[in-house]
Structure formats: C-alpha cells, structure tokens
Amino acid sequence: MSRTSPAEPLLTARGLRKSFGSNEVLRGIDLTLHRGEVVVLIGPSGSGKTTVLRSLNGLETPDAGRISVDGGPEIDFATRPSPKERFALRDRSAMVFQHHNLFPHFTVLENVIEGPWRVQGRPKEEVVVEARALLERVGLSDKADARPHQLSGGQQQRVGIVRALALKPDLLLFDEPTSALDPELVGDVLVVIKELADEGWTMAVVTHELSFAREAADHVLFMDGGVVVEQGTPEQVFTAPQHERTQRFLTRIL
Ligand code: ADP
364 MSRTSPAEPL
374 LTARGLRKSF
384 GSNEVLRGID
394 LTLHRGEVVV
404 LIGPSGSGKT
414 TVLRSLNGLE
424 TPDAGRISVD
434 GGPEIDFATR
444 PSPKERFALR
454 DRSAMVFQHH
464 NLFPHFTVLE
474 NVIEGPWRVQ
484 GRPKEEVVVE
494 ARALLERVGL
504 SDKADARPHQ
514 LSGGQQQRVG
524 IVRALALKPD
534 LLLFDEPTSA
544 LDPELVGDVL
554 VVIKELADEG
564 WTMAVVTHEL
574 SFAREAADHV
584 LFMDGGVVVE
594 QGTPEQVFTA
604 PQHERTQRFL
614 TRIL
C-alpha cells in the first residue's frame with residue numbers, strides 16, 4: 364500500500380558507500396526514484412552500477428548511507444540494519460537479473476508462482492490466474508508448462524520479467540537484463556521493458572543499451588569509479604554531456 368503522495372519520492376538513497384576489502388566500489392551515491400519514474404544507470408564496467416541496484420533491494424548491504432522507501436522508516440546502514448529492516452526493503456522491489464536464474468526443474472508457470480505463492484503466501488488459485496495473464500501479455504501463454512531449457516534466451520528473460528511482476532513490487536530493478544542475450548533476442552526483451560515503463564512502473568535499469576536508455580529513461584545517471592559523475596534527462600546526458608568522463612564513455616560506446 365502506498366503511503367506517500369504521488370509527488371513524494373518512492374525511494375530515496377543517500378550517501379551509499381560500499382567497499383569489498385580495499386576496493387571502494389560506492390563512494391557516496393545519492394539516488395531518488397519518484398513513482399512512475401524510469402531511472403537508467405549507465406557507465407563503464409566496474410563503476411558500481413550493479414552494486415547500487417543490489418543495495419536498493421537489500422541483496423547487498425552498504426557500509427554507510429540511508430535508504431527509505433515509500434515514506435517508511437529510513438534504514439541507516441552505518442548502524443547495521445536488522446534482518447527485519449533488510450527484508451522490508453527487499454519486499455518492496457523485484458529484481459530482473461542478467462541471467463534469468465529460473466529454477467531449471469520447474470515449469471515456467473511454477474517458476475512464476477513460486478514467489479507469490481510460497482514466499483508471499485498468497486492463494487495458489489489466484490496466483491496461477493495472474494501468472495497466466497502475465498505470461499499471455501509477454502506472448503508466452505503457450506509456454507506455461509515448458510521447462511526453462513526449452514525456451515530461447517529471450518523467452519527465458521521474459522519469464523524472468525513476469526516472475527518479477529508476479530510479486531507485485533512497488534519497484535522493478537533490472538540488472539543488465541539483455542547483456543547475456545544474443546543480439547537478435549535483445550529487441551523483444553527491451554520492448555517488454557519499454558511497455559512496462561509506459562504503463563507507469565517505477566524502475567531502475569542498469570544497461571549498456573543506450574538507445575533504449577534514450578527512449579525509455581526519465582532520468583539518466585552516469586557512474587564512474589563509484590560516484591555519479593553526471594545526471595539529467597536523456598537529452599542532457601546524451602546530447603550535451605558536461606563532463607569529460609561522460610563524453611569519453613559515450614564516444615567509446617556509441
Ligand atoms: P558495474 O555494475 O558497474 O559493472 P559492479 O557494481 O558490478 O559494477 O562492481 C563494482 C566493483 O565491485 C567491481 O570491481 C567488482 O569486481 C566489485 N564487486 C562487486 N561485487 C563484489 C563482491 N561480491 N565481492 C567482491 N567484489 C565485488
């Protein structure tokens with residue numbers, strides 16, 4: 364249930380810091396997501412984008428910084444959040460990974476209902492009806508009884524997206540959702556993500572697909588070396604980047 368008014372941020376992260384041993388990966392990241400907003404994180408490999416995303420849903424625990432979701436209590440990572448606090452954070456979002464991470468021995472339908480039925484404890488009949496409707500909307504209704512290995516990489520990733528949607532999260536997190544796919548399969552997956560964006564889902568997307576970022580993002584963050592170097596509308600970041608590091612990255616990748 365939403366507690367904030369539409370104008371208030373759904374998620375606010377302030378000063379996120381994270382080191383792995385002596386490797387300082389996040390050096391004070393601020394990020395705000397308003398309801399219905401699509402934020403795209405771009406930047407070179409190793410700049411910390413995935414770690415930001417994983418921090419937003421409690422898969423990674425920052426060393427310092429604060430996150431609050433939907434007007435809920437602020438989690439202060441400097442004071443070691445309790446498991447309860449971290450689970451509360453995880454419950455608000457669903458992540459789509461680079462590799463879909465489907466259970467290989469489950470059918471497609473079983474993969475989709477596992478979270479809402481067994482983890483969230485919702486009635487199985489209701490969850491199955493919703494799962495079938497979601498599979499239909501991504502063109503996979505005929506694959507409900509197939510096993511993941513019988514699907515193409517793009518189809519598997521669409522199941523990964525459906526599995527996230529079935530959890531009815533407030534926030535969708537996409538971690539390089541197309542980077543493990545053959546080039547000809549990328550488009551179908553991006554179309555689904557773009558449709559979800561157009562429907563008003565709130566999402567943060569890490570991607571190297573800059574034309575997608577340009578089209579789908581409301582706000583783009585360019586990260587390098589664990590900091591947000593530059594941010595703004597796609598127009599600002601892609602057409603008139605202010606920082607030399609952004610310019611260099613864009614010339615290299617475009
Ligand atoms: P990006 O998504 O921009 O490629 P990542 O957030 O994946 O960047 O990684 C940033 C840095 O953190 C990299 O140097 C990576 O090797 C390191 N890193 C990420 N996760 C771990 C981990 N669990 N243990 C040790 N190092 C990690």
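Position 171 (the sequence shown) corresponds to 534 in the numbering used here; numbering is contiguous.
Ideal Cβ positions, reconstructed from N, Cα and C, are used throughout, including at glycine.
For clarity, every value in this text was computed on a predicted model and none was experimentally measured.
query: Test item: CB-CB of residue 452 and residue 569 under 8 Å; result: no
query: Continuous alpha helix (DSSP H) stretch holding residue 578: start and end; result: 573-579
query: Neighbourhood of residue 415 by C-beta, 6 Å cutoff - its chain only, sequence neighbours within 5 removed; result: 392
query: Local Cβ density within 10 Å of residue 364, reported as buried at 16 or more and exposed below that; result: Confidence at residue 364 is low in this model, with a pLDDT of 47, below 50, so the placement of that residue should be treated as unreliable; the coordinate-derived value is given next. Exposed.
query: Contact under 8 Å by Cβ, residue 538 with residue 458; result: yes
query: Contact set for residue 509: own chain, Cβ-Cβ below 7 Å, skip 5 residues either direction; result: 470, 471
query: Best match in 596, 592, 598, 534 for proximity to residue 611 [C-alpha to C-alpha]; result: 592
query: CB contact below 8 Å: residue 561 versus chain E; result: Any reference to chain E falls outside this structure, which holds one protein chain only.
query: Those residues, in chain order, that have a beta-carbon closer than 5 Å to some heavy atom of the ligand ADP; result: 383, 388, 408, 409, 410, 411, 412, 413, 414
query: Every unbroken beta strand (DSSP E) within the stretch 445-495, with a cutoff of 3 residues, ordered by chain; result: 456-459
query: Proximity winner among 445, 613, 552, relative to residue 525 (alpha-carbon distances); result: 552
query: DSSP three-state assignment for residue 416, whether helix, strand or coil; result: helix
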